[in-house]
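Engineer:
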Amino acid sequence: MKKNLVNHKSEQTEINVSPLIDMVFILLIFFIVATSFVNEIGISSAYKDSNSKSDNPKPPLFFNLSGSGQVINNGTTIGLEGVAAKVRNFSTHEPPSVIIQVSKGAKAGLATQVMDQALLAGAKAVKLSVDSK
Amino acid sequence: MDEEDGAINVSPLIDVVFILLIFFIVSATFVNLPGIDVSRPKVQNASSLQKNSVLFALSDKSEIFHSGKIVKLSDVSPLINKAMKDKNKPVVIQVDKWADATVLTELVSEAKKVAHSVSLATLKNR
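Protein sequence lines correspond, in order, to chains A and B. To get this note's numbering, take the position in the first sequence, counting from 1, and add 12. To get this note's numbering, take the position in the second sequence, counting from 1, and add 9.
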C-alpha cells in the first residue's frame, strides 16, 4: 500500500515531455528536409587569372571552337578526338596550358568536352576565352 | 514497477533526438538551387565537386539562372558576393550542353573575378 502511494506521488511531479518531443521531432524533420545535400560532379579548370602570365613563360596551346562545332588547332580541323593527342605532343618537358577560344554559336557542351579532354591529357590549366574575330 | 504503469522512459529518446536535431541545424546549409534542369555535358574525368557552393545554371537558351530567377551577366558577381558572406565558397555552374559557349566563357570569367574556384557541373561518363 505504501509503495503504491509513493509511486503515485512521483508520477504527479513528473513533467509531461510529450509536447516537447513533438516539437523537437517537427524541428528535426524540418531540418532533415531543408538540408539539401547538393552533390555535384564536374570539372574544375583551376586556371590562373589571365593577367598573371609572368610565371608562365611557355606559350599556351590554342584551340579554336568554330560556330559550327569544329575544333581547330593551328588552322586545321582536328575534332574532339584530336585534342588529347595535341596536348600530349605539345611539349615534352611540362604540360601546357590550354586556351580555348570560342566563337559565337559554339556549344557549351563541346567547350566542356574539349576542356575535359585537355585536362585528361594532362594540361596544367585550361582557360576559356571569347574569340573576338 | 515501470511496466505496470505503462510508462516508457523517454529520456534517452529525447537525448538522441536532440543530438540529431543539433547535427542537422549545424549542417544545414541552405543552398539556393538554380531552379532549372539542364542537360549536362558528358565528360570523362569528372570528379566530385565541393559541397556548399554558390550555384548558377546556364540554360540551353543561354540564360543565367540563380535561385530560381533569370539574372543578368552583370549581376553575377554581386550575387556571388552576397551568397558568400565573406566565406569564399566555390562557384559551380550547371551548364547545358546546348548553351552558347561564349556566354559560358563570360559567365566563368565574371565568376572568376570574385570566387577562387569555378567549376562546371557535368555528367559522369559511363
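Ideal placement from N, C-alpha and C gives every residue a C-beta, glycine not left out. Remember, predicted model here, so these are calculated numbers, not experimental data.
By the DSSP assignment, the beta strand (DSSP E) with residue 16 of chain B in it spans what residues?
Structural biologist: No beta strand (DSSP E) holds residue 16 of chain B; DSSP gives it neither H nor E.
Engineer: In whole angstroms, what separates the C-alpha of residue 213 of chain B from that of residue 64 of chain B?
Structural biologist: Because chain B here runs from 10 to 135, residue 213 of chain B falls outside it and cannot be looked at.
Engineer: Taking C-beta to C-beta, are residue 68 of chain B and residue 45 of chain B nearer than 8 angstroms?
Structural biologist: Cβ atoms of residue 68 of chain B and residue 45 of chain B: closer than 8 angstroms.
Engineer: Using a cut-off of 7 angstroms between C-beta atoms, extract the partners of residue 65 of chain B located in chain E.
Structural biologist: Absent from the structure: chain E. Protein chains present are A and B.
Engineer: Tell me whether residue 31 of chain A is buried or exposed, calling it buried when 16 or more other Cβ atoms sit within 10 Å of its Cβ.
Structural biologist: Burial call: exposed.
Engineer: Could you tell me whether the region 79-87 of chain B touches the region 75-91 of chain A, where touching means 3 or more Cβ pairs closer than 8 angstroms?
Structural biologist: These segments do not touch.
Engineer: Can you have a look at residue 10 of chain A and say buried or exposed, based on whether 16 or more other CB atoms are within 10 angstroms of its CB?
Structural biologist: Given that chain A is displayed from residue 13 to residue 145, the structure contains no residue 10 of chain A and the question cannot be resolved.
Engineer: Taking the beta carbon of residue 25 of chain A as the centre, do at least 16 other beta carbons fall within 10 Å, making it buried, or is it exposed?
Structural biologist: Exposed, since its Cβ has fewer than 16 Cβ neighbours within 10 Å.
Engineer: Going by Cα to Cα distance, which pick from A:121, A:99, A:94 and A:51 is closest to residue 153 of chain A?
Structural biologist: Here chain A has residues from 13 to 145 only, and residue 153 of chain A is not among them.
Engineer: With 16 other CB atoms within 10 Å as the buried threshold, where does residue 117 of chain A fall?
Structural biologist: It is exposed - the Cβ of residue 117 of chain A has fewer than 16 other Cβ atoms within 10 Å.
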